[in-house]
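Chains as they are written, first to last, in the working numbering: chain A, 1 to 332; chain B, 1 to 332; chain C, 1 to 210; chain D, 1 to 210.
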Amino acid sequence: MKKLINAPEAVLAEALVGIAAAHPELNVDHDNRIIYRGSPTRAGKVALISGGGSGHEPLHGGFVGLGMLDAACAGEIFTSPTPDQMQEATRVADSGAGVLHIVKNYTGDVMNFEMAAELAEAETGVKVASVVINDDVAVEDSTWTAGRRGVGLTVLLEKIVGAAAEEGRDLEAVTALANRVNDNGRSMGMALTSCTVPSAGKPTFDLPDDMMEIGVGIHGEPGRHRVALAPAASIAQQLVDPILADLDFTQGPVIAMLNGMGGSPLIELYLMYGEVAKLLEKAGVTVARSLVGNYITSLDMAGCSVTLLRADDELLGLWDAPVNTSGLRWGV
Amino acid sequence: MKKLINAPEAVLAEALVGIAAAHPELNVDHDNRIIYRGSPTRAGKVALISGGGSGHEPLHGGFVGLGMLDAACAGEIFTSPTPDQMQEATRVADSGAGVLHIVKNYTGDVMNFEMAAELAEAETGVKVASVVINDDVAVEDSTWTAGRRGVGLTVLLEKIVGAAAEEGRDLEAVTALANRVNDNGRSMGMALTSCTVPSAGKPTFDLPDDMMEIGVGIHGEPGRHRVALAPAASIAQQLVDPILADLDFTQGPVIAMLNGMGGSPLIELYLMYGEVAKLLEKAGVTVARSLVGNYITSLDMAGCSVTLLRADDELLGLWDAPVNTSGLRWGV
Amino acid sequence: MTVADVSLDRLVDWLTRFRALVTENQGYLTELDSAIGDADHGSNMARGMNAVIDKLGEPQTVDALFKTVGMTLVSSVGGASGPLYGTFFLRIGTTAGAVDSLDGATLSAGLRAGFEGVISRGKAEPGDKTMVDAMGPALDALDASLGSGSDPAAAAAAAFEAAQRGRDATEPLVARKGRASYLGERSAGHLDPGATSTAFLFQALAEALA
Amino acid sequence: MTVADVSLDRLVDWLTRFRALVTENQGYLTELDSAIGDADHGSNMARGMNAVIDKLGEPQTVDALFKTVGMTLVSSVGGASGPLYGTFFLRIGTTAGAVDSLDGATLSAGLRAGFEGVISRGKAEPGDKTMVDAMGPALDALDASLGSGSDPAAAAAAAFEAAQRGRDATEPLVARKGRASYLGERSAGHLDPGATSTAFLFQALAEALA
Ligand SMILES: Nc1ncnc2c1ncn2[C@@H]1O[C@H](COP(=O)(O)OP(=O)(O)O)[C@@H](O)[C@H]1O
Ligand SMILES: Nc1ncnc2c1ncn2[C@@H]1O[C@H](COP(=O)(O)OP(=O)(O)O)[C@@H](O)[C@H]1O
Ligand SMILES: [Mg+2]
Ligand SMILES: [Mg+2]
Ligand SMILES: [Mg+2]
Ligand SMILES: [Mg+2]
Numbered sequence: 001m002k003k004l005i006n007a008p009e010a011v012l013a014e015a016l017v018g019i020a021a022a023h024p025e026l027n028v029d030h031d032n033r034i035i036y037r038g039s040p041t042r043a044g045k046v047a048l049i050s051g052g053g054s055g056h057e058p059l060h061g062g063f064v065g066l067g068m069l070d071a072a073c074a075g076e077i078f079t080s081p082t083p084d085q086m087q088e089a090t091r092v093a094d095s096g097a098g099v100l101h102i103v104k105n106y107t108g109d110v111m112n113f114e115m116a117a118e119l120a121e122a123e124t125g126v127k128v129a130s131v132v133i134n135d136d137v138a139v140e141d142s143t144w145t146a147g148r149r150g151v152g153l154t155v156l157l158e159k160i161v162g163a164a165a166e167e168g169r170d171l172e173a174v175t176a177l178a179n180r181v182n183d184n185g186r187s188m189g190m191a192l193t194s195c196t197v198p199s200a201g202k203p204t205f206d207l208p209d210d211m212m213e214i215g216v217g218i219h220g221e222p223g224r225h226r227v228a229l230a231p232a233a234s235i236a237q238q239l240v241d242p243i244l245a246d247l248d249f250t251q252g253p254v255i256a257m258l259n260g261m262g263g264s265p266l267i268e269l270y271l272m273y274g275e276v277a278k279l280l281e282k283a284g285v286t287v288a289r290s291l292v293g294n295y296i297t298s299l300d301m302a303g304c305s306v307t308l309l310r311a312d313d314e315l316l317g318l319w320d321a322p323v324n325t326s327g328l329r330w331g332v
Numbered sequence: 001m002k003k004l005i006n007a008p009e010a011v012l013a014e015a016l017v018g019i020a021a022a023h024p025e026l027n028v029d030h031d032n033r034i035i036y037r038g039s040p041t042r043a044g045k046v047a048l049i050s051g052g053g054s055g056h057e058p059l060h061g062g063f064v065g066l067g068m069l070d071a072a073c074a075g076e077i078f079t080s081p082t083p084d085q086m087q088e089a090t091r092v093a094d095s096g097a098g099v100l101h102i103v104k105n106y107t108g109d110v111m112n113f114e115m116a117a118e119l120a121e122a123e124t125g126v127k128v129a130s131v132v133i134n135d136d137v138a139v140e141d142s143t144w145t146a147g148r149r150g151v152g153l154t155v156l157l158e159k160i161v162g163a164a165a166e167e168g169r170d171l172e173a174v175t176a177l178a179n180r181v182n183d184n185g186r187s188m189g190m191a192l193t194s195c196t197v198p199s200a201g202k203p204t205f206d207l208p209d210d211m212m213e214i215g216v217g218i219h220g221e222p223g224r225h226r227v228a229l230a231p232a233a234s235i236a237q238q239l240v241d242p243i244l245a246d247l248d249f250t251q252g253p254v255i256a257m258l259n260g261m262g263g264s265p266l267i268e269l270y271l272m273y274g275e276v277a278k279l280l281e282k283a284g285v286t287v288a289r290s291l292v293g294n295y296i297t298s299l300d301m302a303g304c305s306v307t308l309l310r311a312d313d314e315l316l317g318l319w320d321a322p323v324n325t326s327g328l329r330w331g332v
Numbered sequence: 001m002t003v004a005d006v007s008l009d010r011l012v013d014w015l016t017r018f019r020a021l022v023t024e025n026q027g028y029l030t031e032l033d034s035a036i037g038d039a040d041h042g043s044n045m046a047r048g049m050n051a052v053i054d055k056l057g058e059p060q061t062v063d064a065l066f067k068t069v070g071m072t073l074v075s076s077v078g079g080a081s082g083p084l085y086g087t088f089f090l091r092i093g094t095t096a097g098a099v100d101s102l103d104g105a106t107l108s109a110g111l112r113a114g115f116e117g118v119i120s121r122g123k124a125e126p127g128d129k130t131m132v133d134a135m136g137p138a139l140d141a142l143d144a145s146l147g148s149g150s151d152p153a154a155a156a157a158a159a160f161e162a163a164q165r166g167r168d169a170t171e172p173l174v175a176r177k178g179r180a181s182y183l184g185e186r187s188a189g190h191l192d193p194g195a196t197s198t199a200f201l202f203q204a205l206a207e208a209l210a
Numbered sequence: 001m002t003v004a005d006v007s008l009d010r011l012v013d014w015l016t017r018f019r020a021l022v023t024e025n026q027g028y029l030t031e032l033d034s035a036i037g038d039a040d041h042g043s044n045m046a047r048g049m050n051a052v053i054d055k056l057g058e059p060q061t062v063d064a065l066f067k068t069v070g071m072t073l074v075s076s077v078g079g080a081s082g083p084l085y086g087t088f089f090l091r092i093g094t095t096a097g098a099v100d101s102l103d104g105a106t107l108s109a110g111l112r113a114g115f116e117g118v119i120s121r122g123k124a125e126p127g128d129k130t131m132v133d134a135m136g137p138a139l140d141a142l143d144a145s146l147g148s149g150s151d152p153a154a155a156a157a158a159a160f161e162a163a164q165r166g167r168d169a170t171e172p173l174v175a176r177k178g179r180a181s182y183l184g185e186r187s188a189g190h191l192d193p194g195a196t197s198t199a200f201l202f203q204a205l206a207e208a209l210a
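Here you go:
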């Protein structure tokens with residue numbers, strides 16, 4: 001394992017030291033592993049909190065700031081944070097207007113956020129609502145399973161809902177919007193290589209040189225199936241087809257994200273986006289806004305994912321609204 | 001070789017297609033492989049042009065826009081662009097106020113930009129000045145060698161000089177500033193793994209699992225020496241020490257960049273920045289501004305580099321000035 | 001307290017042995033989680049049980065003991081296993097109350113309550129390829145053994161036996177809960193990591209009560 | 001035109017053979033450039049010479065031929081080799097002028113001018129571990145051979161011999177110019193890629209004039 005780290009157990013704590021050093025505009029609570037904005041939540045503004053396992057940077061800490069999150073809880077690598085962290089983040093961020101927990105649909109994340117919400121409401125009376133993101137079309141969705149995973153849509157949701165909270169919408173409205181975004185977005189990912197979890201010390205899965213994983217998540221879980229390595233055009237097809245088969249994206253403008261998994265260079269991500277854009281045009285999908293880069297990663301995994309979100313003038317307006325975070329910044 | 005590409009020869013052309021699709025605010029001249037701003041250079045504003053081999057994204061195309069470059073020429077992967085491209089970019093970007101060529105010190109880049117400047121001045125009478133960046137302390141600097149390489153300082157220089165050009169300074173002043181930035185900045189890089197050039201099809205160099213390369217550039221050239229793999233704290237030391245030994249950074253504020261080579265995840269880059277920040281503090285260096293992320297990469301190479309620039313109020317003001325590019329954006 | 005009773009010391013010994021088993025087998029648990037999950041179950045359990053042993057202090061009652069254990073797991077593990085094992089121990093404590101030992105019946109009642117906590121948190125059913133598939137059979141065997149007149153030591157040995165069988169039975173299953181469920185059919189052919197750590201939990205219990 | 005003269009067709013044949021050699025050896029040249037450079041010399045030379053042969057058309061004079069060759073290399077290769085090989089051919093053309101063949105003396109003068117172009121563009125000295133180390137000895141051998149009365153064919157064969165020796169002599173050198181110079185001492189022990197492509201250039205010449 002070759003990594004820019006000292007010891008596997010210390011990765012998260014030491015990365016937070018670096019984040020604090022690099023971002024004086026943020027507050028980092030090293031004990032609780034929470035990143036929150038430098039200034040307290042404006043009175044009347046609903047606070048947005050997210051969190052999850054680490055290793056997906058810039059998600060979530062990189063999206064703390066004006067127009068997105070108020071606080072982010074960092075779990076161990078690929079491990080949901082604990083209820084204490086979330087409860088403390090909730091306490092710190094609440095202005096009295098309530099708090100929205102933005103949760104990616106993983107058993108661990110859901111259970112930990114549930115416990116946190118129970119505790120926060122019981123102990124401090126904070127109003128807590130939550131949205132569980134489940135946009136990954138690679139995964140079968142049924143009441144008998146853990147359901148779809150939350151992946152790329154998280155970035156888009158945090159941006160859009162963050163803008164709405166900044167406008168002063170109340171907790172109910174913000175939560176409804178979050179659910180609307182979740183209902184209208186879908187993602188699909190793939191990997192050329194496995195990531196290596198520091199504490200595991202070796203790649204999570206073995207992948208022969210001529211194979212790739214289709215339908216991977218963001219935790220180095222093996223994908224839904226393994227197929228022969230293919231050119232970018234075919235990879236794009238294998239990501240876009242299942243998304244378009246799942247939801248009709250031809251009825252209005254779409255926000256598209258081509259996300260890198262962390263180990264693929266930007267030149268490849270742009271090349272992939274070119275292929276995706278071609279397919280979308282052919283399918284009659286109108287991309288109104290796009291985002292290409294590493295936004296929700298899986299450590300050093302090579303690969304990418306595609307996220308599409310059905311938008312309208314309201315969502316596009318919220319998308320374009322000012323955002324000032326280390327991971328996403330415009331209009332400020 | 002596992003890459004999100006179709007064919008090695010087509011990587012650059014197809015990546016430009018994706019860049020054009022993702023960035024409607026930019027113009028992409030696919031024949032000449034030039035990326036330039038969506039609106040023509042304002043009358044009286046000196047135009048900034050850079051370029052170099054591809055594979056370093058977001059450099060340079062990702063730095064085209066308000067407050068940074070006016071145009072970027074994309075060469076083949078790790079191969080300097082040709083004089084025609086530079087000449088055409090010069091022609092397109094010139095507003096009459098002259099053009100500054102920002103050149104990284106590599107034999108190929110220097111020769112091609114020289115030929116371009118000769119041709120542009122002879123054929124169209126454009127005033128062309130150039131700055132040759134040579135900040136890499138890994139490389140011996142002497143009149144008998146090709147001299148130091150231009151690496152990470154390029155990002156800082158394009159930002160600062162771009163802001164000065166935006167202010168309306170003339171070509172002479174902009175060039176003088178560029179040289180001042182170059183004189184005051186130093187960088188040092190390292191690699192955990194080699195990158196793989198698509199047309200070569202395999203890693204440029206072999207590196208055992210327990211070794212790393214110290215003093216690498218950004219073209220997958222092997223480094224200055226090979227040493228045992230070490231913890232982040234030791235790597236930071238091996239990068240910071242030669243920089244501080246080369247120039248005194250304790251006399252005023254410093255702008256620091258911890259740059260990723262493309263294959264190292266952001267969590268590791270932040271961790272490394274934490275280590276670098278500690279060393280700088282111990283050495284009495286005051287970091288006034290910092291930048292952590294993938295800004296000047298070497299395809300999929302895992303590793304990082306450190307760049308320090310001695311600043312003053314003027315440079316800090318130019319650093320803080322609005323910039324609106326896909327790779328760097330604030331204040332707009 | 002009769003000879004057959006389980007003292008606080010033995011309960012602490014149970015936890016200490018569990019810590020030893022999960023730290024010794026950290027690599028193995030992570031290896032199992034690499035195949036069908038995200039390669040962290042070993043480090044999660046090791047981190048959690050190390051924190052538990054650190055925090056233990058000198059509890060005077062069974063409920064105080066397991067409250068510390070459960071809260072520490074909840075606040076130090078995260079992931080799926082943190083709330084599940086955390087709830088398991090919290091419920092044992094609440095059910096046992098402020099006593100300083102357990103007999104067969106109260107041990108069984110505590111473990112059963114813990115198990116129900118796991119079910120109500122995680123909503124897994126038998127056969128979903130989770131820790132439930134080792135825990136359920138273990139508790140059934142424990143109760144059957146106690147019912148036929150065995151002492152807690154023998155009952156715990158029977159529970160460990162059954163936990164191992166339950167663990168092994170997860171191998172062919174297709175996961176329907178937890179992270180392994182994302183793999184669909186590809187999750188078959190691998191042991192479930194959580195069922196494996198649960199087998200260690202009952203091994204530790206059997207050894208502590210032996 | 002005497003038998004010993006080098007016709008336009010032969011010059012085109014030279015370029016065609018050079019293209020064939022660099023495309024056949026693209027992987028080898030890139031391999032050499034991987035060891036001490038950036039792994040692109042093979043693709044640079046192949047891309048350039050393929051473009052040259054595509055663009056060639058039916059030139060009527062030596063200067064027109066080499067102007068096309070030089071300009072095409074300059075505008076299609078980039079890197080260090082583009083301007084250097086480009087300048088080399090451009091200068092041959094300017095020196096030769098609007099003729100339709102070269103004799104030994106004008107061939108030598110053209111190549112010599114090209115070589116000087118390379119030196120003035122790249123500022124490399126003999127021993128810097130660059131293409132100069134193959135080109136210089138090749139031209140010296142060519143001139144010596146012509147001086148002792150050989151025809152261009154024999155002189156080109158001698159030049160190729162010397163280019164190979166020059167190429168081989170780059171192996172132990174520590175590079176002082178070009179990308180390999182960044183390696184310092186580590187550049188020793190490897191052939192220079194540009195000196196190797198230059199040896200192919202003279203191999204192509206020797207074969208075309210044979
Ligand atoms: N809903 C659930 N109910 C019971 N056990 C579960 C459930 N989901 C997951 N598990 C157990 O948790 C184990 C994984 O734990 P761990 O790897 O620590 O957490 P995570 O899946 O969050 O990475 C699985 O092997 C499984 O036994
Ligand atoms: N200053 C120079 N003078 C002469 N030849 C040079 C000089 N610099 C580099 N070269 C030659 O160019 C070769 C490398 O060419 P190439 O790999 O195509 O370009 P780059 O170094 O830009 O990647 C070297 O092997 C060397 O022979
Ligand atoms: Mg996990
Ligand atoms: Mg090159
Ligand atoms: Mg796990
Ligand atoms: Mg090269």
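Even for Gly, the Cβ is constructed at its ideal location relative to N, Cα and C.
Name the chain A residues that come within less than 9 Å of Ile-235 (chain B), Cβ to Cβ?
-> Leu-4
Any idea what DSSP makes of Asp-320 (chain B), helix, strand or coil?
-> helix
Which residues of chain D have a Cβ atom closer than 7 Å to the Cβ of Gly-217 (chain B), listed in chain order?
-> Tyr-182
Tell me, which residues are paired with Ala-144 (chain D) by DSSP?
-> Note: Ala-144 (chain D) sits in no beta bridge, so no partner.
Of all Cβ atoms in chain A, is any one closer than 9 Å to the Cβ of Thr-196 (chain C)?
-> no
Does DSSP classify Pro-83 (chain D) as helix, strand or coil?
-> helix
Extent of the continuous alpha helix (DSSP H) run through Arg-165 (chain C) = 152 to 169
In the DSSP assignment, find the unbroken alpha helix (DSSP H) run with Tyr-270 (chain A) in it and report its ends.
-> 266 to 282
Under 7 Å from the C-beta of Ala-71 (chain A): neighbouring residues of chain B | Here the premise fails: no neighbours, minimum Cβ distance about 18 Å.
Taking 9 Å as the CB-CB cut-off, is Met-1 (chain D) touching chain B?
-> The predicted model places Met-1 (chain D) with a pLDDT of 44, which falls under 50 and marks its position as unreliable; any figure quoted below should be read in that light. Cβ-Cβ to chain B under 9 Å: no for Met-1 (chain D).
Could you work out which residues of chain B lie near Trp-330 (chain A), taking near to mean beta carbons separated by less than 7 Å?
-> Arg-329
Run the proximity test for Gly-79 (chain C): is its beta-carbon closer than 8 Å to any non-hydrogen atom belonging to ligand 5?
-> yes
Is Asp-44 (chain C) close to chain A, meaning its C-beta is less than 9 Å from at least one C-beta of that chain?
-> Contrary to the premise, residue 44 (chain C) reads as Asn rather than Asp in this sequence. Taking Cβ atoms only, chain A reaches closer than 9 Å to Asn-44 (chain C), which makes this a yes.
Straight-line CA distance for Arg-180 (chain B) to Leu-32 (chain D)?
-> 37 Å
Does the Cβ of Gly-98 (chain B) lie closer than 8 Å to at least one heavy atom of ligand 3?
-> no
Considering only C-alpha positions, which residue in the set B:Leu-69, B:Gly-44, B:Gly-252 is nearest to Asn-27 (chain B)?
-> B:Leu-69
So does Phe-205 (chain B) have its beta carbon nearer than 8 Å to some heavy atom of ligand 6?
-> no
Express the C-alpha separation of Pro-203 (chain B) and Ser-118 (chain C) in angstroms, rounding to a whole number.
-> Residue identity differs from the one stated: residue 118 (chain C) is Val in this sequence, not Ser. Going by the C-alpha atoms only, they are around 49 Å apart.
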